[in-house]
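These notes concern the structure reproduced below.
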Amino acid sequence: MRGIIQTMSKTPTFHWLLLLLLVCPVAQGDCQDPPAPGVIWRGCDLSTRNLDGVDLRDAILNGAQLVNTSLERANLNGADLTQANLRGANLHSATLREARLVGATLVAANLRQANLQDARMDRCNLNRANLASAKLMGASLYKAQLKQAILTDAILDGANLDRANLSSADLRGAHLTLTTLKRAELTDANLSGAHLNGARLEKASLESANLRHADLTGASLVNAYINGANFEGATLGNATWVNRRRCKPGSVETCR
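Residues 5 to 260 in the numbering used here are what the sequence shown spells out, letter by letter.
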């Protein structure tokens, strides 16, 4: 290894890289900077602060502590909140379009009516979070934790929820058209009246889930686990059933 470093140190490229590191160090924001678009608050502790209505477009907040922080109606479009801690934060009616929340903690956060369209939320923790009427169209929630989360009337059309954990979540009236939920955990989830047209539920666990009057037209449930699931009044026309059988148009409650 020492020989490799010695060899590299003799090359012009090595000297240029060293010069760049010295002249252009990684930007470290000042945690005392006022809120503004593009502000760098990387790793800052902003817990319990009142940031209602502030403009934080494209802000750098990765690793920041925002525990119980109020960000109601805040503009966080394009912001980087990777690995940020937003436990108990208030994001009611906030806009987070195309924001990055990968690995973020949002346990018990208030995201009612928030706009999270096309946000990256893979592996984030949203257990017990309130996402009622939130907009999550096209959002990526791969392997996200949403146990006991409230998603009533939320719009998740085209979202990616593959391998997400939605056990005991409340999804009444949620819009999940063309949403992918492959291998998702939906045990004991309440999906009554949910719109699951064309949804992909292959190998999803729907054991003891409530799907009363849900619309599963054209959905795929191939190899899904449905023991104890309630399909009373559910629309199943053209759905692909657990055993790969195509349900006839007009099928209700039972795949015919």
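Ideal Cβ placement from N, Cα and C applies to all residues, glycine included.
Please classify residue i as buried or exposed, where buried requires at least 16 neighbouring CB atoms within 10 angstroms.
i: G222; result: buried
i: Q149; result: buried
i: D34; result: exposed
i: A103; result: buried
i: G237; result: exposed
i: A40; result: exposed
i: R260; result: exposed
i: N79; result: buried
i: R91; result: buried
i: Q36; result: exposed
i: G254; result: exposed
i: K186; result: buried
i: N231; result: exposed
i: R249; result: exposed
i: N81; result: buried
i: N247; result: exposed
Look at residue i and residue j and say whether their C-beta atoms are less than 7 Å apart.
i: A138; j: A158; result: yes
i: E206; j: F235; result: no
i: N169; j: E189; result: yes
i: R101; j: Q121; result: yes
i: A228; j: L200; result: no
i: L105; j: A133; result: no
i: R147; j: R127; result: Going by the sequence as given, residue 147 is Lys instead of Arg. Their beta carbons are under 7 Å apart, which means K147 touches R127 by this criterion.
i: I64; j: R46; result: yes
i: L95; j: A68; result: no
Using only CA atoms, which one of the options lies nearest to residue i?
i: E76; options: L115, A153, C251; result: L115
i: S144; options: L155, L182, R124, R176; result: R124
i: A193; options: T183, T52, L185, S212; result: S212
i: A233; options: L195, Q69, S51; result: L195
i: V62; options: V43, T52, D49; result: The displayed chain sequence assigns Asp, not Val, to residue 62. Per the Cα distances, V43.
i: D49; options: N66, L200, N201, D219; result: N66
i: G142; options: I154, G162, L185, N131; result: G162
i: R268; options: N119, L182, L140, G197; result: Outside the modelled stretch of the chain, which goes from 5 to 260, sits residue 268, for which no answer is possible.
i: N129; options: L85, D59, N231; result: L85
i: N214; options: A178, W245, T184; result: A178
i: S171; options: I154, T183, L160; result: I154
i: T184; options: D56, A83, G202; result: G202
i: R216; options: V246, T239, D166; result: T239
i: V58; options: T191, D174, S97, L180; result: S97
i: N241; options: L220, T156, N247; result: In the sequence as displayed, the identity of residue 241 is Gly instead of Asn. Among L220, T156, N247, the Cα nearest to that of G241 is on L220.
i: S51; options: N72, T156, A83; result: N72
i: R167; options: L210, S74, L70; result: L210
According to DSSP, residue i sits in a beta bridge with which residue or residues?
i: S255; result: Note: S255 sits in no beta bridge, so no partner.
i: E189; result: N169, S209
i: K139; result: N119, I159
i: T109; result: N89, N129
i: T184; result: N164, R204
i: S196; result: None; S196 has no bridge partner.
i: D49; result: Q69
i: T221; result: Answer is none; T221 lacks a bridge partner.
Measuring only between beta-carbons, confirm whether residue i sits less than 7 Å from chain B.
i: Q87; result: Chain labels in this structure do not include chain B; a single protein chain is all it has.
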